[in-house]
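S.K.:
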Amino acid sequence: MTNGDIRSPNRGRATPRHVIAGVLGLLIAVVGTACAGANSGGATTTLTVASVQNDAMTDLKKLVPDFQSAHPNIKVNIVTLPEDQVRQQVTQDVAAKSGRYDLFTIGTYEVPLWAKKGWIENLAPYIAKDSAYDSSDLIPGIKSALSYKNDLYAVPFYGESSMLMYRKDMLAAKNITMPDHPTWDQVAAAAKAVNSSTVSGICLRGLPGWGEQLAPLDTVVNTYGGRWFDMNWNAQLNTPAWKDAVTFYVNLLKTAGEPAAGNAGFTECLNAYNAGKVAMWYDATVAASFFTGDAAKNSGYAYAPTKVKDWSGWLWAWSLGMPSSSSKKDAAWTFMSWATSKEYMKLVGTKLGWARVAPGTRTSTYAIPEYKAASAGFAQVTLDSIAHADVNHPTVDPVPYIGVQYVDIDEFQQLGDQVSQEFAKVIAGSQTVDQALQKAQALAAAVGKIYQK
Amino acid sequence: MNTGSSLLRSVVGSGGARGTAASISRREAWLRRLPLLPAFVYVVLVTQIPFALTVYYSFFSWNLLKEGSFRFSGLDNYARLLTDEGIRTAVLNTVVLTFSVIAISVVLGMAVATLLNSEVLGKGLMRTLMIAPFLIMPTAGALIWKDTLLNPLFGLLPNLLTPFGLGRVDWVNRFPMATVVAVEVWRWTPFMMLIILAGLQSQNPEVLEAARVDGATPFQAFRRITLPLVRPFVELGALLGSLFVVQTFDSIYMLTYGGPGQDTTNIPFLLYFVAFQGFNIGQASAIGVVAVIMTTIVATLGLRTLFSIFQVEARR
Numbered sequence: 047m048t049n050g051d052i053r054s055p056n057r058g059r060a061t062p063r064h065v066i067a068g069v070l071g072l073l074i075a076v077v078g079t080a081c082a083g084a085n086s087g088g089a090t091t092t093l094t095v096a097s098v099q100n101d102a103m104t105d106l107k108k109l110v111p112d113f114q115s116a117h118p119n120i121k122v123n124i125v126t127l128p129e130d131q132v133r134q135q136v137t138q139d140v141a142a143k144s145g146r147y148d149l150f151t152i153g154t155y156e157v158p159l160w161a162k163k164g165w166i167e168n169l170a171p172y173i174a175k176d177s178a179y180d181s182s183d184l185i186p187g188i189k190s191a192l193s194y195k196n197d198l199y200a201v202p203f204y205g206e207s208s209m210l211m212y213r214k215d216m217l218a219a220k221n222i223t224m225p226d227h228p229t230w231d232q233v234a235a236a237a238k239a240v241n242s243s244t245v246s247g248i249c250l251r252g253l254p255g256w257g258e259q260l261a262p263l264d265t266v267v268n269t270y271g272g273r274w275f276d277m278n279w280n281a282q283l284n285t286p287a288w289k290d291a292v293t294f295y296v297n298l299l300k301t302a303g304e305p306a307a308g309n310a311g312f313t314e315c316l317n318a319y320n321a322g323k324v325a326m327w328y329d330a331t332v333a334a335s336f337f338t339g340d341a342a343k344n345s346g347y348a349y350a351p352t353k354v355k356d357w358s359g360w361l362w363a364w365s366l367g368m369p370s371s372s373s374k375k376d377a378a379w380t381f382m383s384w385a386t387s388k389e390y391m392k393l394v395g396t397k398l399g400w401a402r403v404a405p406g407t408r409t410s411t412y413a414i415p416e417y418k419a420a421s422a423g424f425a426q427v428t429l430d431s432i433a434h435a436d437v438n439h440p441t442v443d444p445v446p447y448i449g450v451q452y453v454d455i456d457e458f459q460q461l462g463d464q465v466s467q468e469f470a471k472v473i474a475g476s477q478t479v480d481q482a483l484q485k486a487q488a489l490a491a492a493v494g495k496i497y498q499k
Numbered sequence: 042m043n044t045g046s047s048l049l050r051s052v053v054g055s056g057g058a059r060g061t062a063a064s065i066s067r068r069e070a071w072l073r074r075l076p077l078l079p080a081f082v083y084v085v086l087v088t089q090i091p092f093a094l095t096v097y098y099s100f101f102s103w104n105l106l107k108e109g110s111f112r113f114s115g116l117d118n119y120a121r122l123l124t125d126e127g128i129r130t131a132v133l134n135t136v137v138l139t140f141s142v143i144a145i146s147v148v149l150g151m152a153v154a155t156l157l158n159s160e161v162l163g164k165g166l167m168r169t170l171m172i173a174p175f176l177i178m179p180t181a182g183a184l185i186w187k188d189t190l191l192n193p194l195f196g197l198l199p200n201l202l203t204p205f206g207l208g209r210v211d212w213v214n215r216f217p218m219a220t221v222v223a224v225e226v227w228r229w230t231p232f233m234m235l236i237i238l239a240g241l242q243s244q245n246p247e248v249l250e251a252a253r254v255d256g257a258t259p260f261q262a263f264r265r266i267t268l269p270l271v272r273p274f275v276e277l278g279a280l281l282g283s284l285f286v287v288q289t290f291d292s293i294y295m296l297t298y299g300g301p302g303q304d305t306t307n308i309p310f311l312l313y314f315v316a317f318q319g320f321n322i323g324q325a326s327a328i329g330v331v332a333v334i335m336t337t338i339v340a341t342l343g344l345r346t347l348f349s350i351f352q353v354e355a356r357r
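Line by line, the protein sequences give chains A and B.
Under the working numbering, the first residue of the first sequence carries the number 47, and numbering increases by one thereafter.
Under the working numbering, the first residue of the second sequence carries the number 42, and numbering increases by one thereafter.
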């Protein structure tokens, strides 16, 4: 249970320390700047952490007492919010420099953008001082995605790429064997072969949103040879590569995809896959750790399907960063280095179970025998996919932006959502691929103009 | 009109006291108003200052994500309101949504109110049940519609329609505007019903009795006697309702997120989208200002109708 909606009446005002000490014990609330009062005394530092709501973060919340018993002078309040909310709240907080949060979870999308603006603190000096924090152990793809000018600006808490998951038993019944590195044509053929009235061939996200439908679709576009912008920031959505990729995606959904594709996001596909209603699923590598029953027993894992470009998997990491305006940087580093350390991985493994260890951050995690046993089928695919995902060279032709399943510019949240909505309309059958791409091209061209100046 | 406006003045307050005002000194008048001051200050603080700031920001090109983007841009944001196709679509969607929701819910509300005004079995229970949709939180209501009723995989409606071959229709994505209208009609029909029912119950049953004796059919009596009587109530319901329906946000956010495409993006949703996905504060402020002006126009009309009801009441 989170007490996020209980707000301290003293919010926004510095309060005497003894009051804070008493009240904070009871309220795990958004106390914001009230904490500054506690800090000035120098005894106890309270860190307010804005965190995205996912399983890895829930586990972190459970293990905070372990951190506090080792660091009695640092108090940690974790405020968990759904993904879209945390993004809005943290963006507003950091842009207005209001100092409500001392630490926050941000993704690979935010880190280079905010580092460039000077909104988040360069962590290189802290890492240099902290000999125990082995940053060379971080998986290379993730490390470069969280760096700006070769310095880390956030430390990964959880990382993922994308892969194809499939039911070995269902494919075997049609005499299909899935290669480790399938092409999209092979996947489409397999999906159509196993598709029946009770089981759909494949689940692909159709729910609009740049973090939902557009993520897998973007990786298809990339491997088909498409890109959002050319080196001069001219929008490229009217090119044949985009048309082929989007047509392929929509047709695959229509002929062998899950029913009601327009509503299907990560959660819906996971439920369908676990219920045995879809034979294959192309999504985040983390999905495999949520499989139950037959899905857990009979699943095979393949690398992200390709067309022209190899290694088409996406790259995402939830990571911890601190605002450069923070006055509690040392305490914040103490906590964030603990939560992303090798020891923390072991702590999760021994206390909560090895299957619960957040994947995709440290190479050393994949050498732990217990973890290997708990993630037998997908550990290698996850590790390799993340290591090969290159945010700087995501496409066949060179691009002026970074990001695999997104474009790392401020305008992309809005642009991505709008473009994704146009594709949703195609999936719903209310417009053609050409109509959608024409509108998308106009939207992207308007954004590209900003960068041509 | 005369009796009406004098009554109105006494209802509204200070103005009506003018008749005897000569004896009350200016100072005393202010002393009487003094207890209202905290409320007045509060209203100014929480409504007028934010609004003034919004107007101020609307003249600036300000994107929260762009350092140094805060600069005066005159009427640029307003000019974009006229030229941007996305904004025109949102205005059109708002009009379509508001008009259809109000029209349909008034007709349904009238029908239900007429039913509840007659002698039927279980009237009390029925009335309570009819009001229920209005009492359910919009967000929860929209989720129930989206997941429990309309979900093409496990929803109630697709299951019921399976025998007719409509079992796998994705209503929300296939007919987005119709779905939003349906959900909003479901929410607003009880509101219309309550207001119209109040009007119907003020009707003297003897008048209808007399009409029947004079040989009027029930339809004629409804058309010539009941309808003119409840007309101001219908107008009031429609105008108050449209004030709220213009601002519909919750159900759109939950049901369609403004899509697919821009099919259900209305002004409030567009404002949210521009402000919190694009972080374009200047543009969002301009949209907000225009939305407030539009709502104020509707509200003024609504209040006028409200007063005309007082006049009708006063005449009787």
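Virtual Cβ for every residue (Gly too), placed ideally from N, Cα, C.
The structure displayed is predicted, hence computed values, not measured ones.
Tell me where the beta strand (DSSP E) around Arg-408/A begins and ends.
M.R.: Looking at the DSSP string, Arg-408/A is not in any beta strand (DSSP E), and its letter there is neither H nor E.
S.K.: Between Lys-164/B and chain A, is the shortest Cβ-Cβ distance under 8 Å, so that the two count as touching?
M.R.: Chain A contact via Cβ: absent.
S.K.: Based on DSSP bridge pairs, tell me the residues matched to Ser-97/A.
M.R.: In DSSP, Ser-97/A forms a bridge with Thr-126/A.
S.K.: Which two residues bound the contiguous alpha helix (DSSP H) that contains Asp-430/A?
M.R.: Segment 425-434, the alpha helix (DSSP H) holding Asp-430/A.
S.K.: Mark Ala-306/A as exposed unless 16 or more other C-beta atoms lie within 10 angstroms of its C-beta, in which case mark it buried.
M.R.: Ala-306/A comes out buried.
S.K.: List, in order along the chain, the chain B residues whose C-beta lies closer than 7 Å to that of Lys-163/A?
M.R.: Under the 7 Å cutoff, chain B gives Glu-108.
S.K.: Secondary structure at Asp-329/A, three-state DSSP: helix, strand or coil?
M.R.: If DSSP states are grouped into helix, strand and coil, Asp-329/A belongs with the strands.
S.K.: Grab me the residues of Ile-308/B's own chain with a C-beta within less than 7 Å of its C-beta, minus the 5 sequence neighbours each way, in chain order.
M.R.: Excluding residues within five positions, the ones whose Cβ falls inside 7 Å are Ala-131, Val-132, Thr-135, Ile-328 and Ala-332.
S.K.: Counting only Cβ-Cβ distances shorter than 9 Å, please list the residues of the region 317-334 of chain B near chain A, keeping chain order.
M.R.: Here the close residues are Phe-317, Gln-318, Gly-319, Phe-320 and Asn-321.
S.K.: Thinking C-alpha only, which one of Thr-380/A, Leu-184/A, Asp-176/A and Trp-364/A is nearest Phe-203/A?
M.R.: Out of Thr-380/A, Leu-184/A, Asp-176/A and Trp-364/A, Trp-364/A has the C-alpha closest to the C-alpha of Phe-203/A.
S.K.: Quick test of your reading: Gly-367/A and Ile-152/A, contact by CB under 8 Å. State the CB separation rounded to the nearest angstrom.
M.R.: Indeed, because the Cβ distance is near 5 Å, the residues count as touching under 8 Å.
S.K.: Can you tell me the Cα-Cα spacing of Gly-83/A and Leu-316/A, whole angstroms?
M.R.: In this prediction, Gly-83/A has a pLDDT of 41, which is less than 50 and means its spatial position is unreliable; nothing more can be read from the coordinates.
S.K.: For the alpha helix (DSSP H) that Phe-317/B lies in, which residues bound it at each end?
M.R.: Where Phe-317/B is concerned, the enclosing alpha helix (DSSP H) stretches over 308-317.
S.K.: Could you say if the region 110-120 of chain B and the region 258-265 of chain B meet the contact criterion of at least three C-beta pairs nearer than 8 Å?
M.R.: No contact exists between the region 110-120 of chain B and the region 258-265 of chain B.
S.K.: Enumerate in chain order the residues of its own chain whose CB-to-CB distance from Thr-265/A is below 8 Å, with the five nearest sequence positions on each side excluded.
M.R.: Closer than 8 Å at Cβ, skipping near neighbours: Ser-208, Ala-350, Ser-358, Gly-359, Trp-360, Val-450 and Gln-451.
S.K.: How long is the line joining the alpha carbons of Thr-223/A and Val-240/A, rounded to whole angstroms?
M.R.: Computed Cα separation, rounded: 12 Å.
S.K.: Use the C-beta contact count for Ala-488/A: other C-beta atoms within 10 angstroms, 16 or more gives buried, fewer gives exposed.
M.R.: Per the 10 Å Cβ criterion, exposed.
S.K.: Please tell me whether Thr-352/A and His-227/A are closer than 8 Å, where the distance is taken between their beta carbons.
M.R.: Yes, the pair counts as a contact, with Cβ atoms nearer than the cut-off.
S.K.: For the region 274-288 of chain A against the region 167-183 of chain A, do three or more pairs of beta-carbon atoms, one drawn from each stretch, fall closer than 8 Å, so that the two count as touching?
M.R.: At 8 Å Cβ cutoff, the stretches do not touch.
S.K.: In the DSSP assignment, the alpha helix (DSSP H) including Ala-170/A goes from what residue to what residue?
M.R.: Its alpha helix (DSSP H) spans residues 170-175.
S.K.: Spell out whether any CB of chain A is found under 8 Å from the CB atom of Tyr-298/B.
M.R.: Yes, because at least one Cβ of chain A sits closer than 8 Å to the Cβ of Tyr-298/B.
S.K.: Under 8 Å: do the region 295-302 of chain A and the region 240-252 of chain A share three or more Cβ pairs, one atom per stretch?
M.R.: Output reads yes: the region 240-252 of chain A touches the region 295-302 of chain A.
S.K.: Compute the beta-carbon to beta-carbon distance between Arg-215/B and Ala-474/A, rounded to the nearest angstrom, for a pair I have assumed lies under 8 Å.
M.R.: Confirmed, about 6 Å.
S.K.: For Thr-386/A, which option in Met-103/A, Thr-94/A and Val-292/A has the closest C-alpha, if you only look at C-alpha atoms?
M.R.: With distances taken between Cα atoms, Thr-386/A lies closest to Met-103/A.
S.K.: Among residues of its own chain, excluding the 5 on either side of Val-226/B, which ones have a beta-carbon nearer than 6 Å to its beta-carbon?
M.R.: Result list for Val-226/B: Val-142, Ile-145 and Ser-146, in chain order.
S.K.: With distance defined between alpha-carbon atoms, name the residue in Tyr-194/A, Ala-325/A and Thr-126/A nearest to Val-245/A.
M.R.: Per the Cα distances, Ala-325/A.
S.K.: For Ala-200/A, tell me which candidate among Asp-215/A, Asn-297/A, Glu-206/A and Leu-169/A has the shortest Cα-Cα distance.
M.R.: Of the candidates Asp-215/A, Asn-297/A, Glu-206/A and Leu-169/A, the one whose C-alpha sits nearest the C-alpha of Ala-200/A is Leu-169/A.
S.K.: What does DSSP give as the partner residues of Lys-323/A in its beta bridges?
M.R.: According to DSSP, which records beta bridges pairwise, Lys-323/A is partnered with nothing at all.
S.K.: Which of the three DSSP states, helix, strand or coil, is assigned to Gly-182/B?
M.R.: It is helical.
S.K.: At a cut-off of 7 Å, would you count Leu-156/B as near the ligand GTP, judging by its Cβ distance to the nearest heavy atom?
M.R.: As presented, the structure is devoid of all ligands, the ligand GTP included, so that no description of it is given.
S.K.: Out of curiosity, what's the CA-to-CA distance linking Ile-172/B and Phe-274/B?
M.R.: Roughly 18 Å between the two C-alpha positions.
S.K.: Residues of chain B with CB under 7 Å from Asp-463/A, in chain order?
M.R.: By Cβ distance, chain B contributes Gln-318.
S.K.: Touch check for the region 327-346 of chain A and the region 132-140 of chain A: three-plus C-beta pairs under 8 Å?
M.R.: The answer is no - the region 132-140 of chain A does not touch the region 327-346 of chain A, with fewer than three Cβ pairs under 8 Å.
S.K.: So what's Val-287/B in DSSP terms, helix, strand or just coil?
M.R.: It is helical.
S.K.: Scan the region 91-121 of chain B for residues whose Cβ lies nearer than 8 Å to a Cβ of chain A and list them as they occur along the chain.
M.R.: Hits within the stretch, in order: Asn-104, Leu-105, Leu-106, Lys-107 and Glu-108.
S.K.: For Arg-273/A, which residues of its own chain have a beta-carbon under 7 Å away from its beta-carbon, when the five flanking residues on both sides are left out?
M.R.: The residues are Gln-282, Thr-441, Asp-443 and Val-445.
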